[in-house]
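Visitor: Can you keep this structure in mind? I'll have questions shortly.
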Amino acid sequence: MAYELNGQTFESDEEGYLVDISAWNPELAVLIAEDENIEMSDDAWEVVNFLRDYYEEYQIAPAVRVLTKAIKKKLGADKGNSKYLYELFPYGPAKQACKIAGLPKPTGCI
Amino acid sequence: MSKMLHLINKSPTDRNSLDSCLRLAEAGSSVLLLEDGVYAALSKAASAEAVNQRMGELTFYVLGPDVSARGLDDKPLIDGISVVDYGGFVDLVVEHDVAQSWL
Amino acid sequence: MEPWEEEGPEVVKRFMYVNRKAPYGTIYALECLEVVLIAAAFDQDVSVVFVDDGVYQLKKNQDTAAIGMKNFSNTYRALDDYDVEKIYVEQESLESRGLTAEDLIIPVEVLAGDNLREIMAQQDVVISS
């Protein structure tokens, strides 16, 4: 599988996760999100950027429970809860948001 | 007699590659510690005494990038071991007639 | 049940992961870390032990830029987020390598082998690598 953007090809695995993390850019994120039927609102971007920062610091994509807790710590309980995150990313916040953020599938993903 | 470069890439506390190399290496040859072998370059390593015993006869090198990767830049190395980079590694291979990997 | 509602685990077992290898030279350390995170994500009672060369996994100041590998020592700092709080390092292994708790990237419980042995005996599953 691959994503096509501005004449460039970005390789992905069979589930749509980018193969090369460093190839990611915001425009590509919007394209991946379209594939997932997700509109990149400011709130969705906030989560995607949070995940990219988390990966930068810890070198992993966190499991959903860990993501929820970490967001709660940083952005407060209004956003750090499963319901809010599932509304933004209905097929699983860690899975879908990680894919859009260009990260690998979360470690301990359920 | 050919000049030999001995390559040690196993930790001295995991395998006995370093011990065997120190026992069997001919005087005048060189030993390069790389990958997990770099732990043997630490002055606090249990194997340091064995390295020191052959310090005059053998020339010891350690691969710098592997030292940094393992977070050992803040630890003292055994006196007399030279740190080389990848370019220095290539030079060593070229300067010696034979390279032997102690796997 | 809605997707955001959490279901507790059916069975909780005591899993202990024993790390005995240095990082980077072999794949064991990284693979074990991933398995630890998976077990923790399944809400199991996880403890992680570092003995022998395994203590080198936690050495501070690792910089892998020049060897072109991922510096996964930063991932140990995420263990807290995964609620993995039982992290034990054997004192004898540290000392024989000239290391102290100060040299490690995360806070750990340094235990003498005698004490570690008791904790190991209480586990349901012990996986060593």
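If you read the sequences in order, they're chains A, B and C.
Going by the working numbering, the letters in the first sequence line up with residues 1 to 110, in that order.
Going by the working numbering, the letters in the second sequence line up with residues 1001 to 1103, in that order.
Going by the working numbering, the letters in the third sequence line up with residues 2001 to 2129, in that order.
Using N, Cα and C, we set each Cβ at its ideal position, and we do this for glycine too.
From a predicted model like this one, the values you see are computed outputs, not experimental measurements.
1. Are the CB atoms of Gly2113/C and Glu2095/C within a distance shorter than 7 angstroms?
2. Between the C-alpha atoms of Asp20/A and Leu88/A, what's the straight-line distance to the nearest angstrom?
3. When burial is assigned at 16 or more other CB atoms within 10 Å of the CB, is Asn6/A buried or exposed?
4. Just checking, does the stretch 1031-1043 of chain B make contact with the stretch 2004-2020 of chain C on the three C-beta pairs under 8 angstroms criterion?
5. How would you write the range of the beta strand (DSSP E) that Ile2127/C sits in, first residue to last?
6. Express the C-alpha separation of Pro2107/C and Ala2101/C in angstroms, rounding to a whole number.
7. Using beta-carbon positions only, say whether Val47/A and Ala97/A come within less than 7 angstroms of one another.
8. In the DSSP output, which residue or residues are listed as bridge partners for Ser1030/B?
9. Cα separation between Phe50/A and Val1084/B?
10. To the nearest angstrom, how far is it from the Cα of Asp1097/B to the Cα of Ser1017/B?
11. Can you give me the Cβ contacts of Ser2047/C inside the same chain, cut-off strictly under 6 angstroms, excluding the 5 residues immediately before and after it?
12. From what residue to what residue does the beta strand (DSSP E) around Asp2045/C run?
13. Along chain C, which residues have their Cβ under 8 angstroms away from the Cβ of Glu1035/B?
14. State whether the stretch 2047-2063 of chain C contacts the stretch 28-37 of chain A, with contact taken as three or more CB pairs (one from each stretch) at a distance under 8 angstroms.
15. How would you list, in chain order, the residues of chain B whose beta-carbon sits under 7 angstroms from the beta-carbon of Thr2064/C?
16. Please classify Tyr58/A: is it buried, with 16 or more other beta-carbons within 10 angstroms of its beta-carbon, or exposed?
17. Less than 7 angstroms separating the beta-carbons of Leu1034/B and Asp1066/B?
18. Chain A partners of Arg2077/C, CB-CB under 7 angstroms?
19. Quick check: what's the CA-CA separation for Leu2111/C versus Gly16/A?
20. Roughly how many angstroms separate the alpha carbons of Arg1070/B and Tyr3/A, rounded to a whole number?
21. Please classify Gln2091/C: does DSSP put it in a helix, a strand, or coil?
22. What residues in its chain sit with their C-beta under 6 angstroms from that of Lys72/A, if we drop five residues either side in the sequence?
23. Could you confirm whether any beta carbon from chain C is found closer than 7 angstroms to the beta carbon of Ser1011/B?
Guide: In terms of the structure at hand:
1. On the third sequence, residue 2095/C is found 95 positions in, with the first residue counted as 1. On the third sequence, residue 2113/C is found 113 positions in, with the first residue counted as 1. For Glu2095/C and Gly2113/C, no; Cβs fall outside 7 angstroms.
2. Along the first sequence, one-based indexing puts residue 20/A at 20. Along the first sequence, one-based indexing puts residue 88/A at 88. Taking the straight line joining both Cα atoms gives about 25 angstroms.
3. Looking up residue 6/A in the first sequence gives position 6. Classification of Asn6/A: exposed, given that the 10 Å Cβ count is below 16.
4. No contact exists between the stretch 1031-1043 of chain B and the stretch 2004-2020 of chain C.
5. Translated into the one-based positions of the third sequence, residue 2127/C becomes position 127. For Ile2127/C, the enclosing beta strand (DSSP E) stretches over residues Val2125 to Ser2128.
6. Taking the third sequence and counting its residues from 1, the one referred to as residue 2101/C is at position 101. Taking the third sequence and counting its residues from 1, the one referred to as residue 2107/C is at position 107. Their Cα atoms are separated by approximately 8 angstroms.
7. Numbered from its first residue, the first sequence carries residue 47/A at position 47. Numbered from its first residue, the first sequence carries residue 97/A at position 97. In this structure, Val47/A places its C-beta atom within 7 angstroms of the C-beta atom of Ala97/A.
8. The residue given as residue 1030/B occupies position 30 in the second sequence. Answer is Leu1005/B and Thr1059/B.
9. Taking the first sequence and counting its residues from 1, the one referred to as residue 50/A is at position 50. Taking the second sequence and counting its residues from 1, the one referred to as residue 1084/B is at position 84. In this structure, the CA atom of Phe50/A is about 40 angstroms from the CA atom of Val1084/B.
10. Position 97 of the second sequence, counted from the first residue, corresponds to residue 1097/B. Position 17 of the second sequence, counted from the first residue, corresponds to residue 1017/B. Whole-angstrom Cα-Cα distance: 21 angstroms.
11. The count along the third sequence starts at 1 and reaches residue 2047/C at position 47. For Ser2047/C, where only same-chain residues beyond five positions count, the Cβ hits under 6 angstroms are Met2016 and Lys2086.
12. If you number the third sequence from 1, residue 2045/C lands on position 45. Asp2045/C -> beta strand (DSSP E) spans Asp2045 to Phe2050.
13. Stepping through the second sequence from its first residue, residue 1035/B is reached at position 35. Ordered by position in chain C, the residues that pass the 8 angstroms Cβ test against Glu1035/B are Tyr2024 and Gly2025.
14. Because the criterion of three Cβ pairs below 8 angstroms is not met, the stretch 2047-2063 of chain C and the stretch 28-37 of chain A do not touch.
15. The residue labelled residue 2064/C in the question sits at position 64 within the third sequence. Contact annotation for Thr2064/C against chain B: Ala1069 [CB-CB distance below 7 angstroms, chain order].
16. As a first step, residue 58/A must be located in the first sequence, where it is residue number 58. Burial check for Tyr58/A: the Cβ neighbour count within 10 Å reaches 16 or more, so the residue is buried.
17. Start at 1 with the first residue of the second sequence, and residue 1034/B comes out as number 34. Start at 1 with the first residue of the second sequence, and residue 1066/B comes out as number 66. Cβ atoms of Leu1034/B and Asp1066/B: closer than 7 angstroms.
18. Within the third sequence, numbered from 1, the residue matching residue 2077/C stands at position 77. Chain-order list of chain A residues neighbouring Arg2077/C: Tyr58, by C-beta distance under 7 angstroms.
19. Taking the first residue of the third sequence as position 1, residue 2111/C is located at position 111. Taking the first residue of the first sequence as position 1, residue 16/A is located at position 16. One Cα belongs to Leu2111/C, the other to Gly16/A, and the distance between them is close to 45 angstroms.
20. Taking the first residue of the second sequence as position 1, residue 1070/B is located at position 70. Taking the first residue of the first sequence as position 1, residue 3/A is located at position 3. Cα to Cα, the separation comes out at about 37 angstroms.
21. Here residue 2091/C corresponds to residue number 91 of the third sequence, with the count starting at 1. Helix.
22. Position 72 of the first sequence, counted from the start, is the residue given in the question as residue 72/A. Result list for Lys72/A: Gly80, in chain order.
23. Position 11 of the second sequence, counting from 1, holds the residue named residue 1011/B. It does; some Cβ of chain C falls within 7 angstroms.
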